[in-house]
Amino acid sequence: SQQGEEDPQALSIQEGENATMNCSYKTSINNLQWYRQNSGRGLVHLILIRSNEREKHSGRLRVTLDTSKKSSSLLITASRAADTASYFCATDEETSGSRLTFGEGTQLTVNP
Amino acid sequence: NAGVTQTPKFQVLKTGQSMTLQCAQDMNHNSMYWYRQDPGMGLRLIYYSASEGTTDKGEVPNGYNVSRLNKREFSLRLESAAPSQTSVYFCASSERVILYNQPQHFGDGTRLSIL
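Chains as they are written, first to last, in the working numbering: chain X, 2 to 113; chain F, 5 to 119.
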């Protein structure tokens, strides 16, 4: 079963706009991670936020975590065509041991 | 600096054939993972190896076997391929899990079609 569920499933924006993707999950977590997948490639880790953190930044990426609502958001500011990819959240459940559980992803298209 | 290398990149099999997907990492990671990715279903964990000498089932282990050959290599075997196993297979690795799961590093996948 999928722990993380991303919303929206697909997002299309213009270059320069901001893109926001959301992730909801069901159980208590140690941390939540975001990954990017370019077409035909493997996933690349973007950012990790721990359960005791509320916000984290990395370059043009901003991630928030609300453990009371069991949700996270990924904001990409000033988007570029090169940001076109699928974005996945992955949850590290407290009882999962060595496993991450991935959501189904958001397909982001940034139009030049 | 290769990271995680998967071979082959593409493979077509007939129903009932067997094959082994190979994965090797050069980052000295302790943990390794095999996932499958199907359209609209995200990644699903097949098997993982938390450390050399151990393997455990993931979410969808049926029809697969794994071998952690050494710290670097983790192979996935399909004993009798079925059309339902048509998918893209990803191998990943991460540093040793202590308090929480570390970020995973992925290979570029093996695209497997079973006719």
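We treat Cβ as the ideally placed atom computed from N, Cα and C, and that holds for glycine. These numbers were taken from a predicted model, which means no experiment stands behind them.
- With contacts defined as CB atoms closer than 9 angstroms, F94/F and G98/X fail to qualify as a contacting pair.
- At a cut-off of 9 angstroms between beta-carbon atoms, T102/X makes contact with chain F.
- When secondary structure is reduced to three states using DSSP, S35/F falls in the strand class.
- Of the candidates G7/F, G57/F and Q15/F, Q15/F places its Cα closest to the Cα of V92/F.
- Think of a sphere of 7 angstroms around the beta carbon of Y52/F: the chain X residues whose beta carbon falls inside it are S99 and R100, in chain order.
- Here S88/F carries a helix assignment [DSSP, helix/strand/coil].
- For the options R81/F, I50/F, F110/F and N105/F, the alpha carbon positioned closest to that of Q21/F is the one of R81/F.
- The continuous stretches of beta strand (DSSP E) do not include V64/F, and DSSP gives it neither H nor E.
- Of the candidates P9/X, P113/X, R55/X and E7/X, the residue whose Cα lies closest to the Cα of T68/X is R55/X.
- Contact check for R61/X against I77/X passes: the beta carbons are separated by less than 9 angstroms.
- In the three-state reduction of the DSSP assignment, A82/X falls in the helix class, which pools H, G and I.
- Note that the segment 82-91 of chain F does not touch the segment 49-58 of chain F; fewer than 3 beta-carbon pairs, one per stretch, sit closer than 8 angstroms.
- One finds R100 in chain X with Cβ atoms closer than 7 angstroms to the Cβ of L49/F, taken in chain order.
- Under the Cβ distance rule, S117/F does not count among the residues neighbouring chain X, no pair being separated by less than 9 angstroms.
- Not a single C-beta of chain F is nearer than 9 angstroms to the C-beta of G60/X.
- Against chain F, a Cβ distance below 8 angstroms from R37/X picks out nothing, because the smallest value is about 11 angstroms.
- For K57/X, the uninterrupted beta strand (DSSP E) segment begins and ends at E56 to S59.
- Looking at the DSSP output, E7/X shares a beta bridge with C24/X.
- With the rule of 3 Cβ pairs closer than 8 angstroms, the segment 73-90 of chain X counts as touching the segment 18-32 of chain X.
- Residues Q38, G106 and Q108 of the same chain have their beta carbon placed closer than 6 angstroms to that of S87/X, with the five preceding and five following residues left out of the count.
- Residues of chain F whose Cβ lies closer than 7 angstroms to the Cβ of L49/X are, in chain order, P107.
- Look at V8/F: its C-beta is under 9 angstroms from a C-beta on chain X.
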